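Trainee: Note that the sequence shown ends on residue 821 in my numbering; no numbers are left out.
All C-beta atoms in this analysis are idealised placements derived from N, C-alpha and C, irrespective of residue type, glycine included.
Remember, it's a predicted structure, so these values are computed and weren't measured experimentally.
First the structure, which I've put down as structure tokens, then a few questions once you've had a look.
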Amino acid sequence: MQRRQWLTLAAGLVGSTASKLACAARDELKTVPFGRNPWLQPLRGYVDGLDRVAEGLGEGLRVRGRLPAGLAGTLFRNGPGLLERGGKRYAHWFDGDGLLQAWRFEGDGRVTHQARFVQTRKFRAEQEAGEFLVPAFGTRIDARLPVRGPDDMNTANTSVTMQAGRLYALWEGGSATELDPQTLRTLGPRAWAPELAGVPFSAHPKREPDGTLWNFGTFAGKLVLYQIGADGTLQRSQVLALPGAPMVHDFVVTERFLVFLLPPLSLDFASLRDAGSSFAGAMRFDATQSTRVLVIDKPTLQPRRQFELPAQLLFHFGNGWDRGDQIVLDYVSTDAQEFLSGDFNSMLGGERDLSRSVPRMQFLQLDLASGRTRQHERPEGLEFPQVDPRVVARRHRYLYSPAMGAASTHSTPERWGFSAVQRLDLRREHIERFDFGPYAVVEEQLLVPKPGSSQEGQGWLIGTGFDVRAQRSFAVVFDAEAISAGPLARVDLPYWVPYGFHGHFHPA
Ligand SMILES: [Fe+2]
Numbered sequence: 314m315q316r317r318q319w320l321t322l323a324a325g326l327v328g329s330t331a332s333k334l335a336c337a338a339r340d341e342l343k344t345v346p347f348g349r350n351p352w353l354q355p356l357r358g359y360v361d362g363l364d365r366v367a368e369g370l371g372e373g374l375r376v377r378g379r380l381p382a383g384l385a386g387t388l389f390r391n392g393p394g395l396l397e398r399g400g401k402r403y404a405h406w407f408d409g410d411g412l413l414q415a416w417r418f419e420g421d422g423r424v425t426h427q428a429r430f431v432q433t434r435k436f437r438a439e440q441e442a443g444e445f446l447v448p449a450f451g452t453r454i455d456a457r458l459p460v461r462g463p464d465d466m467n468t469a470n471t472s473v474t475m476q477a478g479r480l481y482a483l484w485e486g487g488s489a490t491e492l493d494p495q496t497l498r499t500l501g502p503r504a505w506a507p508e509l510a511g512v513p514f515s516a517h518p519k520r521e522p523d524g525t526l527w528n529f530g531t532f533a534g535k536l537v538l539y540q541i542g543a544d545g546t547l548q549r550s551q552v553l554a555l556p557g558a559p560m561v562h563d564f565v566v567t568e569r570f571l572v573f574l575l576p577p578l579s580l581d582f583a584s585l586r587d588a589g590s591s592f593a594g595a596m597r598f599d600a601t602q603s604t605r606v607l608v609i610d611k612p613t614l615q616p617r618r619q620f621e622l623p624a625q626l627l628f629h630f631g632n633g634w635d636r637g638d639q640i641v642l643d644y645v646s647t648d649a650q651e652f653l654s655g656d657f658n659s660m661l662g663g664e665r666d667l668s669r670s671v672p673r674m675q676f677l678q679l680d681l682a683s684g685r686t687r688q689h690e691r692p693e694g695l696e697f698p699q700v701d702p703r704v705v706a707r708r709h710r711y712l713y714s715p716a717m718g719a720a721s722t723h724s725t726p727e728r729w730g731f732s733a734v735q736r737l738d739l740r741r742e743h744i745e746r747f748d749f750g751p752y753a754v755v756e757e758q759l760l761v762p763k764p765g766s767s768q769e770g771q772g773w774l775i776g777t778g779f780d781v782r783a784q785r786s787f788a789v790v791f792d793a794e795a796i797s798a799g800p801l802a803r804v805d806l807p808y809w810v811p812y813g814f815h816g817h818f819h820p821a
């Protein structure tokens, strides 16, 4: 790739892929043997994409406990599933090709599991070549294929959603990739309008209770907004200028507003240009600057007001709502230095040697009239917060998440990940949790409303995890109103699946 092309592309990706995290160095492809840390084995991914599991189907899975009657539907999950090719391994977890999983709950106690790689243009070309061919977010690789736009590097590896019966694998740097929900066969990139072909569509769309899907994308100092109807068609879109090309991974929607937090992360173009750094390696966090809050009016899709917060880095929001001049929202803050240190890169070698900082839930109140902000946090370590889908953009009472357990996964150098599942009751300031103990890694948990229920929180909590001793992946189902009683059912796979990021439950 020509240097000019590279810089054009880099400019296009500022605020998109680059928002995930930063690591100052150690972004070379790895060739050392994968380490033996048992918590990290799923980070190895499926070597060369040939593993039988990757295209296979798990049937007749063992179920412990009793799956609830009425639980029928599919838990789709996505994450980086291929991190090594031709004896070389990515330096960064976020670089792997998307592996789409479908855990199908049949409603009669049976469960099947299926997983397929998203057949992006990049994946197919590299599969054929048997080696990595294009630059990745966190690994420096000289392009050996033309990179004409972000979709030439699209790994479709971050999240998954369904809208109007169509299934999409999501990656914030480029287009959504459509798949067949039954076979997981890849159908190709989705353009929401001809003029939006190839424009980034983030991995964190928000669906309101009426089925309206909101999303955004960032590229070249621009913020694109999407409003998609319950019928799956684009209702409105808007392109806004974003001064300073900030990095954005997620956002919140309230009944009247869209709210973005813009951390002071930027891309060091000299590092990209002269040192050939990866995007992650060229990211800089300026703690002397503020994290800006951008509030956009839904009716006009224009900025309404900006606020400033102390510099902070974040990935995920829980939910947001508004009343009068007040906007209330919550999100998980992340220690910027932890990410800048390149800890993730050491993990991709199968060993880790740093203790991690604790990501914490932050609660933010914005006053549109006065411009004042109020922020406080809770001490518990957690990530991947979720709410009942019936309260998205409305006042919520409960936040569900994986969380640090008593035998904290962050308390020893080798342990990694969250070992507990929790519900935070914001009204009572009360936490209910179940701890799987030190030998489990718990991933994102989704609230699935019970059929016929109407109250927030009346549902099942469904998610996945990894049994460290057995080296197997599992899915668990809790009664979301009795989490401390433990899972109602647990489904163990006869194999492990690489750690993933986000999922979506689609009722049958
Ligand atoms: Fe995310």
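Please go through the same chain and pick out, in chain order, the residues whose beta-carbon is closer than 8 Å to the beta-carbon of Q768, but skip the five residues on each side of it.
Mentor: Locating residue 768 in the sequence shown gives position 455, where the first residue counts as 1. Same-chain partners within the cutoff: there are none.
Trainee: Thinking just about the alpha-carbon of each residue, which of R375, D340, G400, L642 is nearest to the one in P346?
Mentor: The sequence position of residue 346 within the sequence shown is 33, counting from 1. For the residues R375, D340, G400, L642, the minimum Cα distance to P346 belongs to G400.
Trainee: If you scan the stretch 673 to 751 from start to end, which runs of the beta strand (DSSP E) of 3 or more residues do you find wholly inside it?
Mentor: Fully enclosed beta strand (DSSP E) runs of 3 or longer: 673 to 680, 686 to 694, 711 to 716, 733 to 738, 743 to 748.
Trainee: Contact between the stretch 516 to 525 and the stretch 471 to 479: three or more CB pairs below 8 Å?
Mentor: At 8 Å Cβ cutoff, the stretches touch.
Trainee: Return helix, strand or coil for A337, following the three-state DSSP convention.
Mentor: As a first step, residue 337 is located in the sequence shown; it is residue number 24 there, counting from the start. In this prediction, A337 scores a pLDDT of 41, lower than 50, which makes its location untrustworthy; no coordinate-derived value is stated.
Trainee: Only counting runs of 3 or more residues, tell me where the beta strand (DSSP E) segments fall wholly within the stretch 353 to 418, in order along the chain.
Mentor: Qualifying beta strand (DSSP E) stretches, in chain order: 375 to 378, 385 to 395.
Trainee: Considering only heavy atoms of ligand 1, does any lie closer than 7 Å to the CB of F814?
Mentor: For this step, residue 814 is matched to residue 501 along the sequence shown. Checking every heavy atom of ligand 1 against the Cβ of F814, one is found closer than 7 Å.
Trainee: Using a 10 Å radius around the Cβ and a threshold of 16 neighbouring Cβ atoms, would you call G662 buried or exposed?
Mentor: For this step, residue 662 is matched to residue 349 along the sequence shown. By the neighbour-count rule (16 or more Cβ atoms within 10 Å), G662 is buried.
Trainee: Using a Cβ cut-off of 8 Å (strictly closer), state whether F418 contacts chain C.
Mentor: Looking for chain C here will not work: only one protein chain is present.
Trainee: Starting from the C-beta of H709, find all residues in its chain whose C-beta is less than 8 Å away, skip the five residues before and the five after it, and write them out in chain order.
Mentor: Here residue 709 corresponds to residue number 396 of the sequence shown, with the count starting at 1. Same-chain partners within the cutoff: G631, N632, W634, V700, D701, L739, E769.
Trainee: Run the proximity test for T468: is its beta-carbon closer than 7 Å to any non-hydrogen atom belonging to ligand 1?
Mentor: Here residue 468 is taken as the residue at index 155 of the sequence shown, counted from 1. Outside the cutoff, so no.
Trainee: Within 7 Å: the Cβ of A516 and any heavy atom of ligand 1?
Mentor: Counted from its first residue, the sequence shown places residue 516 at position 203. Yes, the Cβ of A516 comes within 7 Å of a heavy atom of ligand 1.
Trainee: Considering only DSSP beta bridges, list what M596 is partnered with.
Mentor: Within the sequence shown, residue 596 is the residue found at index 283, counting from 1. DSSP output for M596 lists L580 as bridge partner(s).
Trainee: Buried or exposed for T268, going by 16 or more other Cβ atoms inside 10 Å?
Mentor: Outside the displayed span of the chain (314 to 821) sits residue 268, for which this structure offers no information.
Trainee: Would you mind working out which of L509, R746, L480 sits nearest G487, comparing C-alpha positions?
Mentor: In the sequence shown, counting from the first residue as 1, residue 487 sits at position 174. When each option's Cα is compared against that of G487, the closest is L509.
Trainee: Ligand 1 and D563: does any heavy atom of the ligand fall closer than 7 Å to the residue's C-beta?
Mentor: Taking the sequence shown and counting its residues from 1, the one referred to as residue 563 is at position 250. D563: yes, Cβ under 7 Å from ligand 1.
Trainee: Tell me where the beta strand (DSSP E) around E441 begins and ends.
Mentor: Taking the first residue of the sequence shown as 1, we reach residue 441 at position 128. E441 -> not in any beta strand (DSSP E); alpha helix (DSSP H) instead, spanning 434 to 442.
Trainee: Quick one, are the C-beta atoms of G358 and G411 less than 8 Å apart?
Mentor: The count along the sequence shown starts at 1 and reaches residue 358 at position 45. The count along the sequence shown starts at 1 and reaches residue 411 at position 98. For G358 and G411, no; Cβs fall outside 8 Å.
Trainee: Compare the C-alpha of A438 against each of E419, P459, F450 and name the closest.
Mentor: Taking the sequence shown and counting its residues from 1, the one referred to as residue 438 is at position 125. The shortest C-alpha separation from A438 is found at P459.
Trainee: List in chain order: all unbroken beta strand (DSSP E) runs of 3+ residues lying wholly within the stretch 470 to 522.
Mentor: Runs of the beta strand (DSSP E) inside the stretch 470 to 522: 472 to 476, 479 to 483, 489 to 492, 499 to 503.
Trainee: Out of G420, M660, F620, G772, state which residue places its alpha-carbon closest to the alpha-carbon of Y812.
Mentor: Against the sequence shown, residue 812 aligns to sequence position 499. Of the listed residues, the one whose Cα sits closest to Y812 is M660.
Trainee: Count the other CB atoms within 10 Å of the CB of A583; is the residue buried (16 or more) or exposed (fewer)?
Mentor: Reading the sequence shown from its first residue, position 270 is the one you call residue 583. When all chains shown are included, A583 counts as exposed.
Trainee: Is D563 buried or exposed, if buried means 16 or more other CB atoms sit within 10 Å of its CB?
Mentor: Taking the first residue of the sequence shown as position 1, residue 563 is located at position 250. By the 10 Å Cβ count, D563 comes out buried.
Trainee: If I follow the unbroken beta strand (DSSP E) through R782, where does it start and stop?
Mentor: Here residue 782 is taken as the residue at index 469 of the sequence shown, counted from 1. Counting along the chain, R782 falls outside any beta strand (DSSP E), and DSSP gives it neither H nor E.
Trainee: For I640, write down the residues that DSSP places opposite it in a beta bridge.
Mentor: Within the sequence shown, residue 640 is the residue found at index 327, counting from 1. D635, L679, per the DSSP bridge assignment.
Trainee: When the Cα of R461 is compared with those of V537, P751, G511, L760, which residue comes out closest?
Mentor: As a first step, residue 461 must be located in the sequence shown, where it is residue number 148. Ranking the options by Cα distance to R461, first place goes to G511.
Trainee: Looking at the secondary structure, which residues open and close the beta strand (DSSP E) in which Y539 lies?
Mentor: Residue numbering aside, residue 539 sits at position 226 when the sequence shown is read from its first letter. Start and end: 535 to 541.
Trainee: What whole-angstrom Cβ distance do A802 and R379 have, given they're in contact under 8 Å?
Mentor: Against the sequence shown, residue 802 aligns to sequence position 489. Against the sequence shown, residue 379 aligns to sequence position 66. Contact holds; Cβ gap of about 6 Å.
Trainee: Indicate, with yes or no, if ligand 1 has a heavy atom lying under 7 Å from the CB of T471.
Mentor: Taking the first residue of the sequence shown as position 1, residue 471 is located at position 158. Yes, the Cβ of T471 comes within 7 Å of a heavy atom of ligand 1.
Trainee: Which residue or residues does DSSP assign as beta-bridge partners of R461?
Mentor: By one-based count along the sequence shown, residue 461 stands at place 148. Its beta-bridge partners do not exist; DSSP assigns none.
Trainee: Along the chain, where does the beta strand (DSSP E) containing A554 start, and where does it finish?
Mentor: Reading the sequence shown from its first residue, position 241 is the one you call residue 554. Note, A554: beta strand (DSSP E), 547 to 554.
Trainee: Provide the residue span of the beta strand (DSSP E) that contains Q619, from first to last.
Mentor: As a first step, residue 619 is located in the sequence shown; it is residue number 306 there, counting from the start. Note, Q619: beta strand (DSSP E), 615 to 622.
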